Amino acid sequence: MAESAARRGSVPTWLMVVAYLSAVLLPTLGLLLGMYLGYRRVLLHAFLVVGLSTIIGFVWYPMVFG
1 MAESAARRGS
11 VPTWLMVVAY
21 LSAVLLPTLG
31 LLLGMYLGYR
41 RVLLHAFLVV
51 GLSTIIGFVW
61 YPMVFG
């Protein structure tokens, strides 16, 4: 009984992988691109992606798919 209740609230593994990749890989890529090109706008977008992907990855995904 308790096992099925715990299972209902769990998020699929692939979804957590996507959340972690979007929270870590994309901003890192944007940050490196901004440092390479020297554009402040690219750096700003990288930080925006960090914030949005963190919110989506750790708040929205579990609410929708949990």
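When we follow the UniProt record's numbering, the leftmost residue of the sequence shown carries the number 1, and every step to the right adds one. For glycine and all other residues, C-beta sits at the position ideal for the given N, C-alpha and C. In this text, all values refer to a predicted model and were calculated from it rather than measured experimentally.
Separation of residue j from residue i, as counted between CA atoms
i             : j             : result
methionine 35 : valine 50     : 16 Å
leucine 21    : isoleucine 55 : 13 Å
proline 27    : tryptophan 14 : 20 Å
valine 24     : histidine 45  : 14 Å
tyrosine 39   : leucine 48    : 15 Å
methionine 16 : leucine 33    : 25 Å
serine 10     : leucine 37    : 41 Å
Coarse secondary structure for residue i, derived from DSSP in three states
i           : result
valine 11   : coil
tyrosine 20 : helix
glycine 34  : helix
Distance between beta carbons of residue j and residue i, contact taken as under 8 Å
i          : j          : result
leucine 43 : leucine 31 : 7 Å
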